[in-house]
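Q: Just add 31 to wherever you are in the sequence shown, counting from 1, and you've got the numbering used here.
Quick one: the structure is below, questions incoming.
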Amino acid sequence: MQRFIENMPKAELHVHIEGTLEPELSFALAKKNKVELSYETPEALISAYDFNDLPSFLAIYYAGMNVLVEEDDFYQLTYQYLSKARSQEILYVEIFFDPQAHTVRGISFETIITGIHKAQVDAEKKLGIKSQLIMCFLRDMSAESAMQHLVLAKPHLDWLVGVGLDSDERNNPPSKFYEVFSEAKKWGLKLTMHCDVNQKNTLVHIKQCINEVQVDRIDHGINSLESNELCDLIKEKGLGLTVCPVSNQFVVQSLTSDEIHQMLAKDMLVTINSDDPAYFRAYLNENLIELQKEGKFSQDQIITLVSNAFKVAWIDDDTKENYLQQLQRYVSEYNLQHLN
Ligand code: ADE
Ligand code: ZN
């Protein structure tokens, strides 16, 4: 199963580019930009990663970003992630970025988005990995700030496929951002929002995402299983759910394999993703491999999880079909080899 998973053609739909900042790159950038880190070595930094809920993770995640200053820093961050993704047979990625986490530190919007975009273009050309960009708003900041950042993005609308909502969910419901998401939709952008596992008022938040904001996808969304009404809505609207097993494990001490089994049994379009792989020390393959071990998923179920990611990706139907055929060919060849 491990080899089968590692070599499968895959897509990733939930990865925060700032969450791919590896300690080695962090140290190199800190030295170049003369930013002080509180730890002596990358290993010491990793051993200080201590989170058990969303706020304790976010504190470490935002502190880590201080080393990202110049356009080339964002370029390197993105190119390194895309190289890693390609080495895991990921063919297509939708990447989140958090511009407000940088503009509050005095970094210009142009610097951030240009560095990321140039790396996407180069990675497609040199490595053959396709990617699209999703701009996330920080829900613990104001709706006005979100709108200001949407306006900042207008000259680069072609570089974005959608907008998302992340950061601390507590007392920051989807409805707070209704206007900015409505505006983004008018501009032709796709919509997604985080509904992290076990958050306060999670069922209200999921319902607002679907009925008020009318999102095209939900990030996480595990708790929807607590409501038949929400599961039915998600199915009826064909909404993809970008679930992140290792990320969940830090909060609920399980890779949520039971929940993923339940979603598959209900034919919900659940996908597997890495979220913040440098912090959680698990990229997409490790997420799938660990999940398979915990939940004893069959080969068919793993194929469904990976196919779902291509199915709910924000790409045209021909491209989608092409990826799905590539996956099908891989499975046929793999099974042929293993029958002989
Ligand atoms: N930012 C980065 N990762 C996140 C997550 N899992 N939830 C909310 N905000 C995030
Ligand atoms: Zn996330």
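Don't be surprised by glycine CBs; every beta carbon is placed ideally from N, CA and C.
Model, not experiment: these values are computed from the prediction.
#1: Beta-carbon within less than 6 Å of Asn254's beta-carbon, same chain only, minus the 5 sequence neighbours each way: which residues are those?
#2: Measuring straight from C-alpha to C-alpha, what distance separates Val152 and Asn259?
#3: Would you check if the distance between the CB atom of Leu220 and the CB atom of Val244 is smaller than 8 Å?
#4: Let's see if you can read the secondary structure: which residues bound the beta strand (DSSP E) around Tyr80?
#5: If the criterion is Cβ atoms closer than 8 Å, does the pair Leu315 and Ser338 meet it?
#6: Please identify the residue among Lys41, Val228, Asn242, Arg201 whose C-alpha is closest to the C-alpha of Ala116.
#7: Mind checking who Leu164 pairs with in its DSSP beta bridge?
#8: Using a threshold of 8 Å, state whether the C-beta atoms of Gln230 and Glu200 are closer than that.
#9: For Leu85, which option in Asp227, Glu175, Phe127, Val211 has the closest C-alpha, if you only look at C-alpha atoms?
#10: To the nearest angstrom, report how far apart Val46 and Val277 are at their CA atoms.
#11: Please determine whether the Cβ atom of Asp197 lies at a distance below 7 Å from any heavy atom of ligand 2.
#12: Taking 8 Å as the cut-off, decide whether the C-beta atoms of Met172 and Gly195 are in contact.
#13: Select from Val98, Phe105, Leu44 the residue whose C-alpha is nearest the C-alpha of Ile249.
#14: Would you check if the stretch 48-60 and the stretch 88-104 touch, i.e. whether three or more CB-CB distances between them fall below 8 Å?
#15: With DSSP collapsed to three states, give me the class of Glu67.
#16: Would you call the stretch 350-365 and the stretch 67-77 in contact, with 3 or more CB pairs under 8 Å?
#17: Given Gln280, which residues of its chain have a CB within under 7 Å of its CB, disregarding the five upstream and five downstream residues?
#18: Using only CA atoms, which one of Leu158, Arg136, Met166 lies nearest to Thr145?
#19: Taking buried to mean at least 16 other C-beta atoms within 10 Å of its own C-beta, is Asn304 buried or exposed?
#20: Out of curiosity, what's the CA-to-CA distance linking Leu367 and Glu155?
#21: Give a yes or no on contact between the stretch 175-189 and the stretch 123-132, applying the rule of three or more CB pairs nearer than 8 Å.
#22: With a CB to CB cut of under 6 Å and the five nearest residues on each side skipped, what residues in its chain are close to Asp197?
#23: Is the Cβ-Cβ distance between Pro204 and His180 less than 8 Å?
#24: Using DSSP's beta-bridge definition, name the partner residues of Val274.
A: On the basis of the data shown:
#1: Closer than 6 Å at the Cβ level, and outside the excluded window around Asn254, lie Thr233.
#2: Answer to the nearest angstrom: the Cα atoms are 42 Å apart.
#3: Taking a C-beta distance under 8 Å as the contact criterion, Leu220 and Val244 do not qualify as a contact pair.
#4: For Tyr80, there is no enclosing beta strand (DSSP E), since its DSSP letter is neither H nor E.
#5: In this structure, Ser338 does not lie closer than 8 Å to Leu315 by Cβ.
#6: Here the closest residue by C-alpha is Lys41.
#7: Leu164 has Ile126, Leu191 as its beta-bridge partners, per DSSP.
#8: Taking 8 Å as the Cβ cut-off, Gln230 and Glu200 qualify as a contacting pair.
#9: Per the Cα distances, Asp227.
#10: Taking the straight line joining both Cα atoms gives about 12 Å.
#11: Checking the Cβ of Asp197 against ligand 2 gives yes.
#12: At the C-beta level, Met172 and Gly195 stay beyond 8 Å of one another.
#13: Of Val98, Phe105, Leu44, the residue nearest in Cα terms is Leu44.
#14: Contact between the stretch 88-104 and the stretch 48-60 is present, because at least three Cβ pairs lie under 8 Å.
#15: DSSP places Glu67 in coil when its eight states are reduced to three.
#16: Taking 8 Å as the limit for Cβ pairs, the verdict is that the stretch 67-77 does not touch the stretch 350-365.
#17: Excluding the 5 residues flanking it on each side, Gln280 has same chain C-beta neighbours closer than 7 Å at Leu286, in chain order.
#18: Per the Cα distances, Met166.
#19: By the Cβ-count criterion, Asn304 is buried, with 16 or more other Cβ atoms from all chains shown falling within 10 Å of its own Cβ.
#20: Their backbone Cα atoms lie some 31 Å apart in a straight line.
#21: These segments touch.
#22: Taken in chain order, the residues that qualify are Cys167, His225.
#23: Contact: no.
#24: According to DSSP, which records beta bridges pairwise, Val274 is partnered with Ile303.
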